[in-house]
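**Student:** In this text, residue positions in the sequence shown follow this note's numbering: the first is 482, and each later residue adds one. The following block contains the structure, expressed as structure tokens.
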Amino acid sequence: MDYYPESVIRLINEIARLPGIGYKSAIKIAYNLIEMSEPEVVKLAKSMVEMKKKVHYCRQCHHLTEDELCSICASDKRDRSIICVVDTPRDLIAIEKTREFHGLYHVLHGRISPLDGVRPQDLTIASLEKRLAGGEVKEMILANSPTLEGESTAVYLSKTMHGKVDKITRIAHGVPIGGDLEFADEITLLKAMEGRHDY
Numbered sequence: 482m483d484y485y486p487e488s489v490i491r492l493i494n495e496i497a498r499l500p501g502i503g504y505k506s507a508i509k510i511a512y513n514l515i516e517m518s519e520p521e522v523v524k525l526a527k528s529m530v531e532m533k534k535k536v537h538y539c540r541q542c543h544h545l546t547e548d549e550l551c552s553i554c555a556s557d558k559r560d561r562s563i564i565c566v567v568d569t570p571r572d573l574i575a576i577e578k579t580r581e582f583h584g585l586y587h588v589l590h591g592r593i594s595p596l597d598g599v600r601p602q603d604l605t606i607a608s609l610e611k612r613l614a615g616g617e618v619k620e621m622i623l624a625n626s627p628t629l630e631g632e633s634t635a636v637y638l639s640k641t642m643h644g645k646v647d648k649i650t651r652i653a654h655g656v657p658i659g660g661d662l663e664f665a666d667e668i669t670l671l672k673a674m675e676g677r678h679d680y
């Protein structure tokens, strides 16, 4: 690390803390930032600070929003009898890109994973239970990623929410096992949604 000035070392270390960014990628990003003009870097920094100040989770579904409700929950064009449960906001966006699902969502913000210390109470499951208690929801679609943790979460939700909603379905596995929903293309996701089954 003696090859870089202190400020560059600090920047590389901060970038490398981001999930999915390794040390080599952090160095590449740092070099790109060095090559940018000062106004461009300031603009980037301001947009990051603004995002951090303005963006929070929707009080109903826990998707990203700058308002009390996200645009999906606030829409009067959505079918409120169906809730699609996803692991992350990225998964919600992936399904929205298919333009075929017109219900509401519920974002868990993770998956049950005892090995990683993620318990059901660490997710937004209690909030989901309250939404189902209203009686308006007739079907809950489990669209958790087809990983071991995603499957464990889906099984837990199926058992926990049994009897609280008329129908519980699971998206079909056109999505590859072990893959993340956000990386599936729109057609694969569309087929997975169409091929959902009782769970």
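Heads up, the beta-carbon is just placed ideally off N, CA and C, and yes, glycines get one too. Since the model is a prediction, treat every value here as computed from it, not as a measurement.
1. How should Asp-568 be labelled, buried or exposed, when 16 other C-beta atoms within 10 angstroms of its C-beta is the threshold for buried?
2. State yes or no: is the C-beta of Ile-606 within less than 8 Å of the C-beta of Glu-630?
3. Could you tell me which residues DSSP pairs with Thr-650 in its beta bridges?
4. Is it buried or exposed for Tyr-586, if we count other Cβ within 10 angstroms and need 16 for buried?
5. From the DSSP output, which residues share a beta bridge with Ser-594?
6. Decide if Gln-602 is buried, meaning its Cβ has at least 16 other Cβ atoms within 10 Å, or exposed.
7. Would you mind stating whether Tyr-504 and Ala-497 have Cβ atoms separated by less than 8 Å?
8. Which runs of the alpha helix (DSSP H) spanning at least 4 residues fall entirely within the region 499 to 550, listed in chain order?
9. With 16 other CB atoms within 10 Å as the buried threshold, where does Arg-652 fall?
10. Let's test the definition: count the other Cβ atoms within 10 Å of the Cβ of Ile-622 and tell me whether it reaches 16, buried, or not, exposed.
11. With burial defined as no fewer than 16 other Cβ atoms inside 10 Å of the residue's Cβ, what is the status of Arg-612: buried or exposed?
12. Return the Cβ separation of Ile-576 and Ala-624 in integer angstroms, given the expectation that the two are a contact with Cβ distance under 8 Å.
13. Leaving out five residues on either side along the sequence, give the residues of the same chain with a beta carbon under 8 Å from the beta carbon of Asp-560.
14. Quick check on the DSSP output: the alpha helix (DSSP H) that includes Arg-491 runs from which residue to which?
15. By Cβ distance below 6 Å, which residues in the same chain neighbour Thr-634 in space, the five residues on each side in sequence not counted?
16. Would you kindly check if the distance between the Cβ of Cys-542 and the Cβ of Val-588 is under 8 Å?
17. At the level of alpha carbons, what is the spacing between Met-529 and Glu-521?
18. Within the same chain, show all residues whose beta-carbon is closer than 8 Å to that of His-544, passing over the 5 residues directly before and after it, in chain order.
**Tutor:** In terms of the structure at hand:
1. As a position in the sequence shown, residue 568 is number 87, starting the count at 1. Classification of Asp-568: buried, given that the 10 Å Cβ count is 16 or more.
2. Mapped onto the sequence shown, residue 606 falls at position 125. Mapped onto the sequence shown, residue 630 falls at position 149. At a Cβ-Cβ threshold of 8 Å, Ile-606 and Glu-630 do not count as neighbours.
3. Along the sequence shown, read from residue 1 onward, the residue named residue 650 stands at position 169. In the DSSP output, where bridge partners are listed per residue, Thr-650 has Ile-622, Asp-679.
4. On the sequence shown, position 105 is the one that residue 586 refers to. It is buried - the Cβ of Tyr-586 has at least 16 other Cβ atoms within 10 Å.
5. Taking the first residue of the sequence shown as 1, we reach residue 594 at position 113. Ser-594 pairs with Val-599.
6. Translated into positions along the sequence shown, residue 602 becomes position 121. In this structure Gln-602 is exposed. Its beta-carbon is surrounded by fewer than 16 other beta-carbon atoms within 10 angstroms.
7. On the sequence shown, position 23 is the one that residue 504 refers to. On the sequence shown, position 16 is the one that residue 497 refers to. Yes; because the gap between Cβ atoms is below 8 Å, this pair is in contact.
8. Qualifying alpha helix (DSSP H) stretches, in chain order: 504 to 516, 519 to 535.
9. Mapped onto the sequence shown, residue 652 falls at position 171. The sequence shown places Ile at residue 652, rather than the Arg named in the question. Classification for Ile-652: buried.
10. Position 141 of the sequence shown, counted from the start, is the residue given in the question as residue 622. By the 10 Å Cβ count, Ile-622 comes out buried.
11. Here residue 612 is taken as the residue at index 131 of the sequence shown, counted from 1. Buried.
12. Position 95 of the sequence shown holds residue 576. Position 143 of the sequence shown holds residue 624. The pair is a contact, with the Cβ atoms about 6 Å apart (cut-off 8 Å).
13. For the purposes of this step, residue 560 is taken as the residue at position 79 of the sequence shown. Excluding residues within five positions, the ones whose Cβ falls inside 8 Å are His-583, Gly-584, Leu-585.
14. Taking the first residue of the sequence shown as 1, we reach residue 491 at position 10. From DSSP, the alpha helix (DSSP H) with Arg-491 extends over 487 to 497.
15. Along the sequence shown, one-based indexing puts residue 634 at 153. Closer than 6 Å at the Cβ level, and outside the excluded window around Thr-634, lie Arg-592, Ile-593, Asn-625.
16. Here the question's residue 588 lines up with position 107 in the sequence shown. Here the question's residue 542 lines up with position 61 in the sequence shown. Against a cut-off of 8 Å, the Cβ pair of Cys-542 and Val-588 comes out as a contact.
17. On the sequence shown, position 48 is the one that residue 529 refers to. On the sequence shown, position 40 is the one that residue 521 refers to. Straight-line Cα distance between these residues: approximately 12 Å.
18. The residue labelled residue 544 in the question sits at position 63 within the sequence shown. Setting aside the 5 residues that flank it on each side, His-544 is surrounded in the same chain by Tyr-538, Cys-551, Ile-553, Cys-554, Pro-570, Leu-573, Tyr-586, Val-588, each with a C-beta closer than 8 Å to its C-beta; the list follows chain order.
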